[in-house]
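**Student:** In the numbering used here, the protein residues as written are 7 to 587.
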Amino acid sequence: MKIQISMATFLSEFFPHCLRLPPPSLNFAKPTLFLCFSNKPYSNFNSILSNTNHYQKTSSPPPPPPPKSNPECTPDPTHLDNRLRRFLLGRKYTDALSLVESMANQGYKLNIVLCSDLIKCFSSSGKIDCACRVMDLIESYSKPNNFLYNVFITGLCHNNRVILALETLGRMQVHGCRPNILTGNIIVGSLCHCGMLDLAFRTVDHLEQSYNCKPNLITYTKLVQSTVVERGTKEGMRLLDDMASKGIIPDHSTYNAVVQGMCMAGRVDEAWKFLVRLPARGFEPHVEAYSALLQALLESERWIDVDKLIDEMLERACEINNVHLAQMVKMLCQKTLTDKAWSLIDQAHKRWGMRPDAKCRNMVIFAYIKEGRLDLATNFIQHMTSIGCAPDIVTYNTILSGLCKHGFVQQALQILYQMEAVGCRPNSGSYYLVAKGLWINGDFAKAANLLSQMLKKGLKADEAIYSGLISGFCKEGLIDEAMETWSLMEEAGITPTKATYDTLLQGLAKVRRLVEVIDLFEDMLKKGLEPNEKTYTIILVGMAHMGYVLEAADIVKELGWKNVLSKGSVKRIRGKITRIS
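Okay, here's the thing in structure tokens:
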């Protein structure tokens with residue numbers, strides 16, 4: 007006997023909740039951009055550098071109105087700053103710019119720190135025009151300082167607007183600020199990064215001559231690396247000698263930059279020779295230089311030289327920490343040289359007493375699993391345990407994830423059961439990783455049993471675990487078990503996602519339990535979850551399968567008329583219903 011459904015009642019009770027009403031209009035004032043920079047071509051670089059007063063405003067914001075006569079109506083500046091801070095925290099940058107414009111036009115002094123944060127936000131999102139507008143307002147209605155200009159120049163350089171950054175040097179002088187060495191290093195570093203080495207050198211000379219801003223070690227380090235890459239090793243060495251003649255002594259960072267530059271230019275053998283001769287200059291090679299050279303050798307697939315370099319590094323006993331060790335282990339594992347990575351970790355422990363951290367250990371274990379060498383992964387774990395680096399829960403979960411990802415689910419299950427015996431109790435993530443592996447392999451019954459064991463042990467399941475169980479039960483046609491899991495999920499206080507609702511709705515519709523479909527749909531609406539095309543398709547196609555073809559077709563028509571569904575959605579759902587009829 008068919009359940010009597012009133013289409014009007016059904017539609018009025020449930021679907022009107024999903025009507026997509028247009029949002030209230032928000033009339034935010036769009037900021038007007040007053041760009042104060044001219045985007046000049048390369049041929050004008052000399053004029054930019056030679057004239058400190060090159061910057062001229064092409065337009066300016068309107069002058070502020072006279073102060074208001076009624077002070078009681080004037081907002082408190084602290085209140086406005088707090089409002090601006092809330093806009094920044096809420097990432098409402100356009101609203102923040104509108105507020106800054108409003109404050110400036112009303113004669114308020116702008117907060118330099120908050121405005122610098124706004125410039126950073128616009129720069130990081132690529133909205134340089136808006137950052138320029140903020141800068142214009144500060145220059146017109148407040149007093150900028152070196153900190154603000156450096157923030158602004160950094161944003162320009164990060165967005166490859168280095169020519170505008172150069173023009174800002176003149177702009178700084180107009181507003182009573184002198185570029186400092188930090189300003190210069192930001193611009194010089196950006197020019198070197200963009201391959202404009204000639205202009206970088208001219209900028210250094212200009213800063214020294216016009217502002218008495220002398221280059222320091224950081225400046226020369228950037229120039230040396232770019233010189234080695236673009237002009238060769240000899241020019242780079244000449245620049246190093248020039249540094250020494252000016253009383254700037256190169257340090258490890260400078261020599262590391264030389265090695266990195268040689269490797270970037272493909273001159274790996276030159277880099278190695280330079281590294282070997284470095285003690286003659288009074289410096290022992292640094293581990294970062296070895297790391298750069300190792301990466302170059304690995305990329306060139308010079309495996310014999312890789313062994314030689316590692317031995318040389320170990321013999322020199324250069325300072326190394328877990329960060330450097332992890333970098334090298336990662337490079338070796340990526341090239342499937344996992345045995346060499348193990349050897350490096352072992353030698354670091356024997357020679358320097360280093361205890362590799364979990365990150366290092368996990369990379370080696372995961373690499374062995376990925377290569378299918380489970381015996382070596384097990385041996386490595388035992389070896390690490392013997393030197394006092396027993397696996398923790400993070401390491402074990404890495405192992406379980408790797409095994410399941412590469413199809414070794416039964417081995418993962420064995421390790422899961424052995425974990426408590428070795429003093430590492432599995433957590434809910436451990437159970438979920440193995441259960442997910444079992445689901446993927448089609449062994450859902452064992453996966454469900456495993457998660458049941460987890461719940462009996464008092465471990466809490468999250469939404470992903472419950473959703474996975476419900477999905478698996480529905481795929482197997484075990485709807486009662488899915489509904490029971492749903493009840494457990496609600497008892498645990500976990501709110502299902504819309505995807506979980508759709509999964510259970512589809513499962514109920516397949517076995518033609520329409521009353522429960524409607525109840526679940528009502529519950530979904532009460533929780534404030536908006537149905538989409540998939541949800542409507544599940545319900546209406548399910549109704550059609552149960553013999554309610556005309557009612558389903560009428561509801562689709564009504565939903566289309568009320569703009570709940572788009573024309574395309576209506577067409578797709580109607581097509582499915584028609585095929586059923």
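Glycine included, each C-beta is placed from N, C-alpha and C at the ideal position.
Tell me the rounded alpha-carbon separation between C79 and A102.
**Tutor:** Reliability of the predicted coordinates at C79 is poor, the pLDDT of 49 falling under 50, and the value obtained from them is presented with this limitation in mind. Between C79 and A102, the C-alpha separation is close to 21 Å.
**Student:** How big is the Cα-Cα spacing for K346 and P397?
**Tutor:** Rounded to whole angstroms, K346 to P397 spans 21 Å at the Cα level.
**Student:** Helix, strand or coil for I545? Go by DSSP, reduced to three states.
**Tutor:** Of the three classes helix, strand and coil, the one that applies to I545 here is helix, per DSSP.
**Student:** Just to confirm the assignment: which complete alpha helix (DSSP H) runs, minimum length 4, are found wholly within the region 338–417?
**Tutor:** Counting only runs of 4 or more, we get 344–358, 364–376, 380–392 and 399–411.
**Student:** Where in the region 440–506 do unbroken runs of the alpha helix (DSSP H), each at least 4 residues long, occur, reported from the N-terminal end onward?
**Tutor:** Listed in chain order, they are 450–462, 469–481 and 485–497.
**Student:** On a Cα-Cα basis, can you pick out the residue from D123, R518, S477 and D486 that is closest to F158?
**Tutor:** Selected option, being the one with the closest Cα: D123.
**Student:** Please decide whether Q512 counts as near chain D, where near means a Cβ-Cβ distance under 9 Å.
**Tutor:** Absent from the structure: chain D. Only one protein chain is present.
**Student:** In chain order, what residues of the same chain lie with their CB nearer than 6 Å to the CB of K582, ignoring the 5 residues before and after it?
**Tutor:** Same-chain partners within the cutoff: V547.
**Student:** Nearest-angstrom Cα distance between R97 and C410?
**Tutor:** Distance between the alpha carbons of R97 and C410: 40 Å.
**Student:** Please state if the CB of L406 and the CB of V3 are separated by a distance shorter than 9 Å.
**Tutor:** Given a span of 7 to 587 for the chain in the structure shown, any question on residue 3 remains unanswerable.
**Student:** Considering only residues of the same chain and omitting the five flanking positions on each side of L162, which have a CB-CB separation below 6 Å?
**Tutor:** Here the set comprises L170 and A171.
**Student:** Just tell me which of W358, K356, K365 and D352 has its CA closest to the CA of N385.
**Tutor:** Of W358, K356, K365 and D352, the residue nearest in Cα terms is D352.
**Student:** Please look up how many angstroms separate the CB atoms of A488 and G513, rounded, as I've assumed it's under 8 Å.
**Tutor:** With 8 Å as the limit, A488 and G513 qualify as a contact, their Cβ atoms being about 6 Å apart.
**Student:** Measuring alpha carbon to alpha carbon, tell me which residue in M270, D381 and H412 is nearest E305.
**Tutor:** Out of M270, D381 and H412, M270 has the C-alpha closest to the C-alpha of E305.
**Student:** Report yes if the C-beta distance between L303 and L281 is below 9 Å; otherwise report no.
**Tutor:** In this structure, L281 does not lie closer than 9 Å to L303 by Cβ.
**Student:** What does the alpha-carbon distance come out to for the pair T227 and N262?
**Tutor:** Roughly 9 Å between the two C-alpha positions.
**Student:** Measure the Cβ-Cβ separation of C136 and T100 and say whether it is below 9 Å.
**Tutor:** Yes; because the gap between Cβ atoms is below 9 Å, this pair is in contact.
**Student:** Do Y437 and I471 have their C-beta atoms closer together than 9 Å?
**Tutor:** Going by C-beta atoms, Y437 is nearer than 9 Å to I471.
**Student:** Leaving out five residues on either side along the sequence, give the residues of the same chain with a beta carbon under 7 Å from the beta carbon of R92.
**Tutor:** None.
**Student:** Return the CA-CA distance between G267 and R244, expressed in angstroms with no decimal places.
**Tutor:** For G267 and R244, the distance between alpha carbons rounds to 15 Å.
**Student:** Considering L600, what are the terminal residues of the alpha helix (DSSP H) in which it resides?
**Tutor:** The chain is shown from 7 up to 587; residue 600 falls before or after that span and cannot be answered.
**Student:** Out of E290, P150 and G474, state which residue places its alpha-carbon closest to the alpha-carbon of Q179.
**Tutor:** Nearest C-alpha to Q179: P150.
**Student:** What number of angstroms, rounded off, separates the C-alpha of K568 from the C-alpha of E490?
**Tutor:** The straight-line gap from Cα to Cα measures roughly 36 Å.
**Student:** Looking at G435 and N403, is the spacing between their C-beta atoms short of 9 Å?
**Tutor:** Contact flag set, yes.
**Student:** Less than 9 Å between the C-beta atoms of P362 and A373, yes or no?
**Tutor:** Going by C-beta atoms, P362 is not nearer than 9 Å to A373.
**Student:** Determine the DSSP secondary structure at V517, reduced to helix, strand or coil.
**Tutor:** DSSP places V517 in coil when its eight states are reduced to three.
**Student:** With a threshold of 16 other CB atoms inside 10 Å of the CB of H212, please say whether the residue is buried or exposed.
**Tutor:** Classification for H212: buried.
**Student:** Taking the alpha-carbon of C590 as reference, which of I371, E377 and R367 has the nearest alpha-carbon?
**Tutor:** With the chain represented from 7 up to 587, any question about residue 590 goes unanswered, as that position is not in the structure.
**Student:** For S473, count neighbouring C-beta atoms within 10 Å of its own C-beta (all shown protein chains included) and say buried if the count is 16 or more, exposed if not.
**Tutor:** Buried is the call here.
**Student:** For I561 versus M552, is the C-beta distance shorter than 9 Å?
**Tutor:** Against a cut-off of 9 Å, the Cβ pair of M552 and I561 comes out as no contact.
**Student:** Does H85 come out as helix, strand or coil in the three-state DSSP assignment?
**Tutor:** Note: H85 maps to helix in three-state DSSP.
**Student:** Closest to E241 by CA distance: which of P256, K252, V264 and R184 is it?
**Tutor:** Nearest C-alpha to E241: V264.
**Student:** What three-state label does DSSP hand N327 in the structure shown?
**Tutor:** It is coil, neither helix nor strand.
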